[in-house]
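J.: I have a structure here, written as C-alpha cells, and I will follow up with some questions on it.
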Amino acid sequence: SQQGEEDPQALSIQEGENATMNCSYKTSINNLQWYRQNSGRGLVHLILIRSNEREKHSGRLRVTLDTSKKSSSLLITASRAADTASYFCATPQEGTYKYIFGTGTRLKVLA
Amino acid sequence: DTGVSQDPRHKITKRGQNVTFRCDPISEHNRLYWYRQTLGQGPEFLTYFQNEAQLEKSRLLSDRFSAERPKGSFSTLEIQRTEQGDSAMYLCASSENEKLFFGSGTQLSVL
Numbered sequence: 703s704q705q706g707e708e709d710p711q712a713l714s715i716q717e718g719e720n721a722t723m724n725c726s727y728k729t730s731i732n733n734l735q736w737y738r739q740n741s742g743r744g745l746v747h748l749i750l751i752r753s754n755e756r757e758k759h760s761g762r763l764r765v766t767l768d769t770s771k772k773s774s775s776l777l778i779t780a781s782r783a784a785d786t787a788s789y790f791c792a793t794p795q796e797g798t799y800k801y802i803f804g805t806g807t808r809l810k811v812l813a
Numbered sequence: 327d328t329g330v331s332q333d334p335r336h337k338i339t340k341r342g343q344n345v346t347f348r349c350d351p352i353s354e355h356n357r358l359y360w361y362r363q364t365l366g367q368g369p370e371f372l373t374y375f376q377n378e379a380q381l382e383k384s385r386l387l388s389d390r391f392s393a394e395r396p397k398g399s400f401s402t403l404e405i406q407r408t409e410q411g412d413s414a415m416y417l418c419a420s421s422e423n424e425k426l427f428f429g430s431g432t433q434l435s436v437l
C-alpha cells in the first residue's frame with residue numbers, strides 16, 4: 703500500500719506562478735523526500751528533509767515538514783514550463799530503507 | 327554514463343511467456359530497489375537488496391516474480407507466465423545512503 707498521499711492529484715498553473723503540493727504519510731519517519739518524474743522517465747531526487755527539520759530550501763524549491771500532522775509540502779516558486787512533471791513524496795518504512803512513494807501530483811505549467 | 331541503467335527499455339511479450347529485466351546500479355551503491363509503476367500511479371515497491379541479500383519482498387508479488395542480485399552488483403527481475411495485469415513500467419533504483427537514483431525503467435506490455 704502507499705504510505706504517502708499527495709494533494710492535489712493534478713495542478714495546472716500559469717508560468718511564473720507558485721505551485722504548492724502536499725503530502726501526508728502514516729507512520730513515524732526519520733526523513734521525507736520529494737522526487738520528480740517527467741513523462742515516461744525515471745524519478746529524479748529533488749530534496750530530502752529530516753524529521754528534526756521544519757523547512758528546507760533548494761533553489762526555487764521550499765519544503766516544509768510537520769511531524770505532528772504527518773504532512774509535508776513542496777513549494778515551487780516562479781514556475782516554468784519545464785517544471786511540468788509529476789511530483790512524488792517518499793518516506794522510509796519505520797526502521798528500514800524500504801521507501802514507499804505517494805500517489806503523486808501531476809503539475810502542468812502553461813507558458 | 328555512471329547512472330543506473332536498465333535493459334531493455336521496452337519489452338512486448340505474449341501472455342504466458344517469461345521475461346527478464348536487468349538493472350546495473352551505480353557501482354558504489356550497496357542497495358538496489360525494484361518498483362512497478364502503472365499509468366497515473368506512484369511507484370509501487372516490489373523488493374530491495376542490500377548487497378546480495380534480498381531484504382524484503384512485497385506481498386503483492388506472486389511467486390511468478392523473482393529477483394536476484396548475484397555478487398551484489400547487477401540485478402535481474404524475472405516474471406514467469408506473464409499476465410496482462412503485469413503490463414507496467416518496472417523501475418530500478420540504487421542507493422548508498424537515503425537518496426534513491428533511478429534508471430529510466432523498462433516498459434513491459436503483455437499482449
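Protein chains in written order, with this note's numbering: chain A, 703 to 813; chain B, 327 to 437. The C-beta atom is built at its ideal place from N, Cα and C for all residues, glycine as well. Since we're looking at a predicted model, the values are computed, not measured.
Within the same chain, show all residues whose beta-carbon is closer than 8 angstroms to that of Asn720 of chain A, passing over the 5 residues directly before and after it, in chain order.
T.: Leu777, Ile778, Thr779, Ala780 and Ser781
J.: Report buried or exposed for Ala504 of chain B, applying the criterion of at least 16 other Cβ atoms within 10 angstroms of its Cβ.
T.: With chain B represented from 327 up to 437, any question about residue 504 of chain B goes unanswered, as that position is not in the structure.
J.: Would you list, in chain order, the members of the region 773 to 784 of chain A that have their beta-carbon closer than 9 angstroms to a beta-carbon of chain B?
T.: none
J.: Taking Asn344 of chain B as the reference, which of B:Tyr361, B:Phe428, B:Ser384 and B:Asp412 has the closest Cα?
T.: B:Asp412
J.: Straight-line CA distance for Gly742 of chain A to Phe347 of chain B?
T.: 17 angstroms
J.: Apart from the five residues on each side of it in sequence, which residues of its chain come closer than 7 angstroms, Cβ to Cβ, to Ser703 of chain A?
T.: For Ser703 of chain A, the pLDDT reaches just 47, beneath the cut-off of 50, and the residue's location in the model is therefore unreliable, although a value from the coordinates is still provided. There are no such residues.
J.: Taking C-alpha atoms, which residue in A:Ala787, A:Gly744 and A:Ser753 lies nearest to Gln735 of chain A?
T.: That would be A:Ser753, whose Cα lies nearest to the Cα of Gln735 of chain A.
J.: In chain order, what residues of the same chain have a beta carbon less than 8 angstroms from the beta carbon of Lys337 of chain B, not counting five sequence neighbours either side?
T.: Only Val345, Phe347, Thr432, Gln433, Leu434 and Ser435 meet the Cβ criterion.
J.: Mark Arg395 of chain B as exposed unless 16 or more other C-beta atoms lie within 10 angstroms of its C-beta, in which case mark it buried.
T.: buried
J.: Let me confirm a value: Thr798 of chain A is counted as buried when at least 16 other C-beta atoms fall within 10 Å, else exposed. Which label applies?
T.: exposed
J.: Got a sec? Which residues, its chain only, sit under 6 angstroms from Glu404 of chain B by beta carbon, not counting five neighbours each side?
T.: Within the same chain, Glu404 of chain B has close Cβ partners Thr346 and Ser392.
J.: Give me the chain A residues within the contact set of Gln380 of chain B, using Cβ-Cβ distance strictly less than 7 angstroms, ordered along the chain.
T.: Residues of chain A passing the Cβ test: none, with the nearest at roughly 12 angstroms.
J.: Using 9 angstroms as the limit for Cβ to Cβ distance, is Pro710 of chain A near chain B?
T.: no
J.: Cα separation between Thr364 of chain B and Tyr727 of chain A?
T.: 21 angstroms
J.: Mind checking which residues open and close the beta strand (DSSP E) that includes Asp333 of chain B?
T.: Looking at the DSSP string, the run of the beta strand (DSSP E) that includes Asp333 of chain B is Ser331 to Asp333.
J.: Flag this pair as touching only if the region 413 to 433 of chain B and the region 759 to 774 of chain A have three or more C-beta atom pairs under 8 angstroms; answer yes or no.
T.: no
J.: Going by the CB atoms, is the gap between Tyr789 of chain A and Leu748 of chain A shorter than 9 angstroms?
T.: yes
J.: Between the C-alpha atoms of Asp709 of chain A and Asn724 of chain A, what's the straight-line distance to the nearest angstrom?
T.: 5 angstroms
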